[in-house]
Amino acid sequence: MPNNRNGLVATISMTMLALALPAAADPDPSDWPAVLDEAEGQTVYWNAWGGDTRTNRYIDWVAEQMQAQHDVDVEHVKLDDTGSAVARVLAEKQAGNHDDGSIDLIWINGENFAAMRENDLLFGPFASALPNFALTNADENPEVVTDFTLPTDGYESPWGKAQITFYYDSAQTETPPQDMQALLEWAKNNPGQFSYPRIPDFTGSTFLKQALIELTDQDEALYQPVKDTDFEAVTEPLWAYLDALHTHLWRSGRAFPDSGPHLRALMSDGELSLAFSFYPTDAAVAVREYELPASVRSYVLEGGTLGNVHFVAIPYNSPHKAGAMVLANFLLSPQAQAEKQSLAMWGDRSVLDIEQLDADAQALFEQGERHPSELPADALSNTLPEPHPSWMTALQDAWLERYGVN
Amino acid sequence: MLRLAPALIIALLVLPVGAGLVMVLLPAFGYLPALGGHHASLAPWQTLFAQPGLGRSVAVSFASGLVSTAMALMMVVLFLAASRGTWLDRGIRRLVSPLLAVPHAAVAFGFAFLIAPSGLVARLLSPSLTGWERPPDALIVNDPWGLSLIAGLVLKEMPFLLLMSLAALPQLQVDNRLMLARSLGYSPTIAWLKTVLPSLYPLIRLPVYAVIAYATSVVDMALILGPTLPPTLSVSILNWFNDPDITRRFMASAAAVLQLGVTLAALLCWWLLEQLTRLLMQNWLTNGGRQRGETALRVVGRSALLLSSMTALAALVGLGLFSLAGFWRFPELLPQMLTLDHWQRSAPMLAKPLLNTALIGLISTALATALVLATLENEHRQHLQPKRALWLLYLPLIVPQIAFLFGLIVAAESLGIRPQLGLVIAGHLLFVLPYVYLSLAEAYRRLDPRWLQVARSLGVSRNAAFWRVRLPLLLAPLLTAFAVGLAISIGQYLPTQLLGAGRVTTVTTEAVALASGNNRRLIGVWALVQAGLPLVGFMLALALPRLLGAKRRELAT
Numbered sequence: 000m001p002n003n004r005n006g007l008v009a010t011i012s013m014t015m016l017a018l019a020l021p022a023a024a025d026p027d028p029s030d031w032p033a034v035l036d037e038a039e040g041q042t043v044y045w046n047a048w049g050g051d052t053r054t055n056r057y058i059d060w061v062a063e064q065m066q067a068q069h070d071v072d073v074e075h076v077k078l079d080d081t082g083s084a085v086a087r088v089l090a091e092k093q094a095g096n097h098d099d100g101s102i103d104l105i106w107i108n109g110e111n112f113a114a115m116r117e118n119d120l121l122f123g124p125f126a127s128a129l130p131n132f133a134l135t136n137a138d139e140n141p142e143v144v145t146d147f148t149l150p151t152d153g154y155e156s157p158w159g160k161a162q163i164t165f166y167y168d169s170a171q172t173e174t175p176p177q178d179m180q181a182l183l184e185w186a187k188n189n190p191g192q193f194s195y196p197r198i199p200d201f202t203g204s205t206f207l208k209q210a211l212i213e214l215t216d217q218d219e220a221l222y223q224p225v226k227d228t229d230f231e232a233v234t235e236p237l238w239a240y241l242d243a244l245h246t247h248l249w250r251s252g253r254a255f256p257d258s259g260p261h262l263r264a265l266m267s268d269g270e271l272s273l274a275f276s277f278y279p280t281d282a283a284v285a286v287r288e289y290e291l292p293a294s295v296r297s298y299v300l301e302g303g304t305l306g307n308v309h310f311v312a313i314p315y316n317s318p319h320k321a322g323a324m325v326l327a328n329f330l331l332s333p334q335a336q337a338e339k340q341s342l343a344m345w346g347d348r349s350v351l352d353i354e355q356l357d358a359d360a361q362a363l364f365e366q367g368e369r370h371p372s373e374l375p376a377d378a379l380s381n382t383l384p385e386p387h388p389s390w391m392t393a394l395q396d397a398w399l400e401r402y403g404v405n
Numbered sequence: 000m001l002r003l004a005p006a007l008i009i010a011l012l013v014l015p016v017g018a019g020l021v022m023v024l025l026p027a028f029g030y031l032p033a034l035g036g037h038h039a040s041l042a043p044w045q046t047l048f049a050q051p052g053l054g055r056s057v058a059v060s061f062a063s064g065l066v067s068t069a070m071a072l073m074m075v076v077l078f079l080a081a082s083r084g085t086w087l088d089r090g091i092r093r094l095v096s097p098l099l100a101v102p103h104a105a106v107a108f109g110f111a112f113l114i115a116p117s118g119l120v121a122r123l124l125s126p127s128l129t130g131w132e133r134p135p136d137a138l139i140v141n142d143p144w145g146l147s148l149i150a151g152l153v154l155k156e157m158p159f160l161l162l163m164s165l166a167a168l169p170q171l172q173v174d175n176r177l178m179l180a181r182s183l184g185y186s187p188t189i190a191w192l193k194t195v196l197p198s199l200y201p202l203i204r205l206p207v208y209a210v211i212a213y214a215t216s217v218v219d220m221a222l223i224l225g226p227t228l229p230p231t232l233s234v235s236i237l238n239w240f241n242d243p244d245i246t247r248r249f250m251a252s253a254a255a256v257l258q259l260g261v262t263l264a265a266l267l268c269w270w271l272l273e274q275l276t277r278l279l280m281q282n283w284l285t286n287g288g289r290q291r292g293e294t295a296l297r298v299v300g301r302s303a304l305l306l307s308s309m310t311a312l313a314a315l316v317g318l319g320l321f322s323l324a325g326f327w328r329f330p331e332l333l334p335q336m337l338t339l340d341h342w343q344r345s346a347p348m349l350a351k352p353l354l355n356t357a358l359i360g361l362i363s364t365a366l367a368t369a370l371v372l373a374t375l376e377n378e379h380r381q382h383l384q385p386k387r388a389l390w391l392l393y394l395p396l397i398v399p400q401i402a403f404l405f406g407l408i409v410a411a412e413s414l415g416i417r418p419q420l421g422l423v424i425a426g427h428l429l430f431v432l433p434y435v436y437l438s439l440a441e442a443y444r445r446l447d448p449r450w451l452q453v454a455r456s457l458g459v460s461r462n463a464a465f466w467r468v469r470l471p472l473l474l475a476p477l478l479t480a481f482a483v484g485l486a487i488s489i490g491q492y493l494p495t496q497l498l499g500a501g502r503v504t505t506v507t508t509e510a511v512a513l514a515s516g517n518n519r520r521l522i523g524v525w526a527l528v529q530a531g532l533p534l535v536g537f538m539l540a541l542a543l544p545r546l547l548g549a550k551r552r553e554l555a556t
C-alpha cells in the first residue's frame, strides 16, 4: 500500500516536472560573476526569526540595499520559531519537492544547523567562495567556521556574534552576582527577582550550558558528543544547583518566562531586577526605546560567558540559490556589518576581523560615545566556546524530565 | 450549475481535511520515507506516551474546552432569560458583533495585560489598597490549572454563542410562549427558561459543538494564557512539529492524532452531559414551580455577561494604552508619557500585511457566501429538506486545525501545489465557509415564501426574483454573515502561516511573529490593528442596510 501511494505521488510529480520548464542546475559558487548575473531579478525568501523589531528593521534596510545594489528582491519571512523553517524544508523533501522549495535563506545556528546538515537539507559548500568571506580572517578566527563545535564545511555563512550578557537595575541592586554561586546567594536575598527562559528556549538552554560549564569539573566532556560521555556524572552538579536555585526564582520556579525578550519585558515591568540576553547591546537599545529604565547596567560574569556566531544557510531545494549567495555575501560586507552593529539599528556584533580591514572600512565601525547601559569595550574578551550540539538536546530533555511538570 | 453547489461545498471542505488527516496518520504509525520511516510501527506512540506531563497536557486541553463552553453557554442562556426587553439587552446586542470580531489572540493579549501581577487591575489597586510597590510574585497568567485560559476562552465564546442564539430565537415565537407562561403565573426568567430554552438548545447545538472542538485544540490563546509546564496538548504538538530534532515529527504526528481523539472525547462527554441534564431537568421543567430562584437567576444572568463583556472591552483599552506608552513602570496606572513612536515605526510595515489580509478575507468570504447562497437557493428551488450530508460542512470546525494542517501541507506539496496567495485563500475558505453557512442558513430558510410567490405571480423569473427580491430582503443577515466570515478569516494564524510558507503575511501572522519578541507596546499596536479590521467590517454591515434601505425608500416615494 505505501508503495502504491509512492508510485502515485511519483507519477504526479513526474507529470508536473514534465510540464514545468527544465529545472536550472545549481549555480557554481566559484564562478562569482556568473552568480551575480543569475541573481539579478531573483526574489530571495529569507526566513528569519521576526520577534525583534531591531532585527526586522535591519533586514528591511538590507532589502533596500540589495534592491539598489544587486537588483535582488529580498522578502523577510518572519518566523516565530526557526524550527518551523526546518520543518518546512523537511515537509517539502517528504513530498518530493527537490528543486522548487519555498525558502531561499535561513537565519540559523547550533542544533537547527546540525539537524539540517545531518538530513542533507542544505546546499553547499558555498560560504568560503563568497568574496567577502576573506574579511572574517577565518584562519585566525575559527569561530566563524565552527558552529557548536561542528565544522560548518562551507554550508553556512557567518552573519553575527552573540554572547551572554547580564544586565541589572542599578536602582534596585548595587552589586550584581559575578558567578553562579554568587547568583544563588543573590537569588536567596532577592527572591522572585531572577529567572531564565523556559527550556527548550534557545536563550534558556544557553543559561543551562553556562551554568554547567561553571559547575562541572569535566569541561572537556562538553565538547564531545553526549553519547561518548557519562551524562549523569557530568551534569549532576547542575541539577543540584538548579534544585537549590529554583525556589528563589520568579514565581518560585513554578513558571518561567518564554524567551529572552520576555525576560526584558519582565525587567521593564519591574518584576525582575536581574536578567540576561544573548545580545550584548540588548539593554542599551532597550533603554533608548523606553523599554528599560536608564538605571540599567550591563556586565559579563567574571569567568566569561558563552558566545557563538550565528549564520545564514541555503536549503538544498531553494530555487534562488544565486540570489541567496549574493545576499549572504552582502551581509558580510563592511557596510552591512557596520550598519548592523550600530545601536540605532540593531547592535549585533560584527563577524569581520575589523583590524584587518582598510582604514575606510574601519571608520564605518566607529560608534561614538558609549551608551551608559552598554558594556565597557573590553568586557567581551572572555568568550567561552559552545559545547557540542548534542548537549543542547540532552540538557533540554533532562530538564523537561525533571522540571517539565510542576 | 446550482445543483452541483452542495456537492462542490462538501468536496471543497472534506477533501483537504481528509488528505491532511491521512498525511498525519501515516507518520503517526511510522511511515515517513523522507526520515527513513518505511514500515508501520507503534514506536511514535511509545515515544509520545513517555513524554513527561502528557497526561496533564491532555487533561488541561479536555477540561478547559468543556468548562469554558459550559460557562459561556450558561452565561448566555441566563442572560437571555433574565434581561429580555431591558436596556442591558439592547446594549449587549449592539456590543456582541464587534466583540465577536476581535480575534482571539488580541483578546488574549489584552486580557493578560489586565490580570498579570503587573497588569492594569493590580496597578489600579496599588499601592493605595495593596501596598505593593513592586508587582506581587503571583502565578496568575499561565497558571497550571488553565484557569486564565478558561477565562480568556469564555470571553470569546460568549459573543459567538450569543449571536447564534439571537439568530435562532426569532423562529421560536418567544413572545407567545412567554405570554402564555406569564399568564399562568410564571415569573419572567423562569418562564423563559422553562418554555423557550428547551426549544432553543437544539438550534444552537452545532455551534456549541464547534466551540468545544475549538476550545479543546486552540493554539494562539493557549500560547498566551495557557499553562506552560506542561503546556496544553495543542501547544505541545506545535512545539514538537517545529523541534530542531526532526525525528520528533513521528511523535508529533501521533500527538496530532491524539488531539483529534481528545476533541472527540470531549464532544462525547458533552453529549453524555446533555442526556444527563435532560433527565435532571425533566422534573424541574414540569414541577409547576413558578417563582423559586427568580431573583438569584436574574442577578446572575444580568451581571455575569455584563462582567465578561466589560472585561473584554477593558482588555482592548489596555492594548490601546500600551500601544501609546512611553516608559511605564509598576505601580503607575498610566504611562509617564504617551508617544506615537510605536505606531509611527510600525506604520510602514503595515501596508503589505493589511492589503493581503483584506484580499484574502474579501475573496474567501465572497466565495464562501456565493457557495452558501447557491446551496440554499438550490435547496429552496428543489424543495429539499436540509441535506443530512450538510453536517459535513462542520468537519473543518470539529477536526482540530493542528491535527490536519501539517499533513495538508505535505499533501499539497505532493500534488505540486506551491505555497501562494491562492492556496492560503483556499485554506481560509475551509474555516470561513462553515461560519457563513451557520450565520446565514436560518435567516434564508425563514424568509416568508409569499414574497417570492408574489414576485413570481407578477411574471418575474426565478433568477430575477432571487436577485431583486430575496437578496435585498436578506441584506442585513447577508452582511452579518459576510462580516462574520471576514472576522474568521482575519483571525486565522496557522492556516495562513503553514499554507503560505510564511510568504503571505497578514496582520495576524505579523502580530504573532512580533509577539514572540514580547514587546507589549508593539503587540498593542498590532493587536489593535488586528481587532480594528473586522470591526470596520461589522460597522459597514450595520450601516450599509440603513443606507441602502433609505435609498430604496426614496425610490418608492
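Protein sequence lines correspond, in order, to chains V and Y.
Following numbering that gives the first Met the number 0, the numbering of the first sequence begins with 0 at its first residue and continues without gaps.
Following numbering that gives the first Met the number 0, the numbering of the second sequence begins with 0 at its first residue and continues without gaps.
Beta carbons: idealized from backbone N, C-alpha and C, even for Gly.
Quick caveat, the model's predicted, so the values are computed rather than measured.
Please list the segments of the beta strand (DSSP E) lying wholly inside the region 102-147 of chain Y, counting only runs of 3 or more residues, in order along the chain. none
Against chain Y, does residue 308 of chain V count as a neighbour if the rule is that its beta carbon must be under 7 angstroms from one of theirs? Taking the first residue of the first sequence as 1, we reach residue 308 of chain V at position 309. Chain Y, which has no Cβ nearer than 7 angstroms to the Cβ of residue 308 of chain V, makes this no.
Residue 395 of chain V burial status per 10 Å Cβ neighbour count (16 or more: buried): For the purposes of this step, residue 395 of chain V is identified with residue 396 of the first sequence, where counting begins at 1. Classification of residue 395 of chain V: buried, given that the 10 Å Cβ count is 16 or more.
Using a Cβ-Cβ cutoff of 8 angstroms, what residues of the region 177-206 of chain Y are near chain V? List them in chain order. Result list empty, no residue passes.
Range of the contiguous beta strand (DSSP E) that encloses residue 558 of chain Y: What is shown of chain Y runs 0 to 556, which leaves residue 558 of chain Y out entirely.
Give the single residue among Y/247, Y/361, Y/439 whose Cα lies nearest to the Cα of residue 533 of chain Y. Along the second sequence, one-based indexing puts residue 533 of chain Y at 534. If you compare the alpha carbons of Y/247, Y/361, Y/439 with that of residue 533 of chain Y, the shortest gap goes to Y/361.
Which listed residue (Y/510, Y/25, Y/241) has its alpha carbon closest to that of residue 83 of chain V: Numbered from its first residue, the first sequence carries residue 83 of chain V at position 84. Comparing Cα positions, the closest option is Y/241.
Is residue 70 of chain Y closer than 7 angstroms to residue 153 of chain Y when the C-beta atoms are compared? Locating residue 153 of chain Y in the second sequence gives position 154, counting from the first residue. Locating residue 70 of chain Y in the second sequence gives position 71, counting from the first residue. Yes. Within cutoff.
Between the CA atoms of residue 376 of chain V and residue 186 of chain V - distance to the nearest angstrom: For the purposes of this step, residue 186 of chain V is taken as residue 187 along the first sequence, with counting starting at 1. For the purposes of this step, residue 376 of chain V is taken as residue 377 along the first sequence, with counting starting at 1. C-alpha separation (whole angstroms): 28 angstroms.
Which of helix, strand or coil DSSP assigns to residue 169 of chain V: One-based indexing of the first sequence puts residue 169 of chain V at position 170. Coil.
Going along the chain, which residues of its own chain have a beta-carbon closer than 8 angstroms to the beta-carbon of residue 293 of chain Y, five neighbours each way excluded? On the second sequence, position 294 is the one that residue 293 of chain Y refers to. 186, 187, 188, 189.
Just to check my reading of the structure: residue 379 of chain V and residue 135 of chain V have Cβ atoms closer than 8 angstroms, yes? What is that Cβ distance to the nearest angstrom? Start at 1 with the first residue of the first sequence, and residue 379 of chain V comes out as number 380. Start at 1 with the first residue of the first sequence, and residue 135 of chain V comes out as number 136. The Cβ separation is near 17 angstroms, so there is no contact.
With distances taken Cα to Cα, identify the nearest neighbour of residue 343 of chain V among V/315, V/69, V/288. The sequence position of residue 343 of chain V within the first sequence is 344, counting from 1. The residue with the shortest Cα to Cα distance from residue 343 of chain V is V/288.
Expressed to the nearest angstrom, what Euclidean distance is found between the alpha-carbon atoms of residue 21 of chain V and residue 86 of chain V? The sequence position of residue 21 of chain V within the first sequence is 22, counting from 1. The sequence position of residue 86 of chain V within the first sequence is 87, counting from 1. Residue confidence for residue 21 of chain V is low, a pLDDT of 39 falling below 50, so the modelled location carries little weight; the figure read from the coordinates is stated next. The alpha-carbon atoms of residue 21 of chain V and residue 86 of chain V are separated by roughly 27 angstroms.
Mind checking the region 214-239 of chain Y against chain V and listing, in chain order, the residues whose C-beta falls within less than 9 angstroms of any C-beta there? 222, 226, 227, 228, 229, 237, 238
Considering just the uninterrupted stretch of the alpha helix (DSSP H) at residue 373 of chain Y, what are its terminal residues? Within the second sequence, residue 373 of chain Y is the residue found at index 374, counting from 1. Annotation: the continuous alpha helix (DSSP H) that includes residue 373 of chain Y extends over 340-380.
Could you list the residues in the region 127-153 of chain Y with a C-beta less than 7 angstroms from some C-beta on chain V, going in chain order? 133, 134, 136, 138, 141, 143
Of all the residues that make up the region 75-99 of chain V, which are near chain Y by a beta-carbon distance shorter than 7 angstroms? 76, 77, 78, 79, 80, 82, 83, 85, 86, 87, 89, 90, 91, 92, 93, 94, 95, 96, 99
Given a threshold of 16 other Cβ atoms within 10 Å of its Cβ, counted over all protein chains shown, does residue 458 of chain Y qualify as buried or as exposed? In the second sequence, the residue the question calls residue 458 of chain Y occupies position 459. Exposed.
Simplified DSSP assignment, three categories, for residue 22 of chain V: Reading the first sequence from its first residue, position 23 is the one you call residue 22 of chain V. For residue 22 of chain V, the predicted model reports a pLDDT of 46, less than 50, meaning its position is unreliable and no value from the coordinates is stated.
Would you kindly work out how many angstroms separate the C-alpha atoms of residue 544 of chain Y and residue 480 of chain Y, rounded to a whole number? Walking along the second sequence from the start, residue 544 of chain Y turns up at place 545. Walking along the second sequence from the start, residue 480 of chain Y turns up at place 481. C-alpha separation (whole angstroms): 13 angstroms.
Please work out which residues of its chain come closer than 6 angstroms, Cβ to Cβ, to residue 475 of chain Y, disregarding the five sequence neighbours upstream and downstream, and give them in chain order. Counting from 1 along the second sequence, the entry for residue 475 of chain Y is found at position 476. Once the five neighbours on either side are set aside, the close Cβ partners of residue 475 of chain Y are 544.
Can you list, in chain order, the residues of its chain with a C-beta nearer than 7 angstroms to that of residue 251 of chain Y? Leave out the 5 residues immediately preceding and following it. Working through the second sequence from its first residue, we reach residue 251 of chain Y at position 252. Closer than 7 angstroms at the Cβ level, and outside the excluded window around residue 251 of chain Y, lie 236, 239, 240.
Would a check of beta-carbon distances place residue 295 of chain V closer than 7 angstroms to chain Y? In the first sequence, residue 295 of chain V corresponds to position 296, counting from 1. Not one chain Y Cβ lies under 7 angstroms of residue 295 of chain V.
Comparing the C-beta of residue 101 of chain V with each C-beta of chain Y, is any distance below 7 angstroms? Your numbering for residue 101 of chain V matches position 102 in the first sequence. Yes, because at least one Cβ of chain Y sits closer than 7 angstroms to the Cβ of residue 101 of chain V.
Under 7 angstroms between beta-carbons, which chain V residues line up against residue 243 of chain Y? List them in chain order, please. Start at 1 with the first residue of the second sequence, and residue 243 of chain Y comes out as number 244. Within chain V, 82, 85, 110, 111, 114 have C-beta atoms less than 7 angstroms from the C-beta of residue 243 of chain Y, given in sequence order.
Taking 8 angstroms as the threshold, find out whether the region 74-87 of chain Y comes into contact with the region 464-472 of chain Y through three or more Cβ pairs. Using a Cβ-Cβ distance cut-off of 8 angstroms, the region 74-87 of chain Y and the region 464-472 of chain Y are not in contact, since fewer than three pairs of beta carbons, one from each stretch, lie closer than that value.
Output, in sequence order along the chain, the residues in the region 310-341 of chain Y whose CB is closer than 7 angstroms to any CB in chain V. 325, 326, 328, 329
Pair within 7 angstroms by beta-carbon distance, residue 410 of chain Y and residue 18 of chain Y: Here residue 410 of chain Y corresponds to residue number 411 of the second sequence, with the count starting at 1. Here residue 18 of chain Y corresponds to residue number 19 of the second sequence, with the count starting at 1. Taking 7 angstroms as the cut-off, the beta carbon of residue 410 of chain Y is found closer than this to the beta carbon of residue 18 of chain Y.
Beta carbon of residue 146 of chain V, beta carbon of residue 118 of chain V: below 7 angstroms? As a first step, residue 146 of chain V must be located in the first sequence, where it is residue number 147. As a first step, residue 118 of chain V must be located in the first sequence, where it is residue number 119. Going by C-beta atoms, residue 146 of chain V is not nearer than 7 angstroms to residue 118 of chain V.
Stretch pair the region 360-376 of chain V + the region 208-220 of chain V: three plus CB contacts closer than 8 angstroms: Flag = no, the region 360-376 of chain V and the region 208-220 of chain V do not touch.
Every unbroken alpha helix (DSSP H) within the region 236-277 of chain Y, with a cutoff of 4 residues, ordered by chain: If we require 4 residues or more, the region 236-277 of chain Y turns out to have no alpha helix (DSSP H) run fully inside it.
If I measure Cβ to Cβ from residue 58 of chain V and keep anything under 8 angstroms in the same chain, skipping five residues before and after, which residues do I get? The residue labelled residue 58 of chain V in the question sits at position 59 within the first sequence. Hits under 8 angstroms: 45, 47, 73, 75.
Selection of the region 402-416 of chain Y by Cβ proximity to chain V, strictly under 9 angstroms: For the region 402-416 of chain Y, residues whose beta-carbon sits nearer than 9 angstroms to a beta-carbon of chain V comprise 405, 408, 409, 410, 411, 412, 413, 414, 415.
Compute the Euclidean distance between the alpha carbons of residue 216 of chain Y and residue 210 of chain Y, then round it to the nearest angstrom. Counting from one through the second sequence, the residue named residue 216 of chain Y turns up at place 217. Counting from one through the second sequence, the residue named residue 210 of chain Y turns up at place 211. Approximately 10 angstroms between the Cα atoms of the pair.
Could you give the DSSP three-state label for residue 78 of chain V: helix, strand or coil? What you label residue 78 of chain V is simply residue 79 of the first sequence in a count that begins at 1. Note: residue 78 of chain V maps to strand in three-state DSSP.
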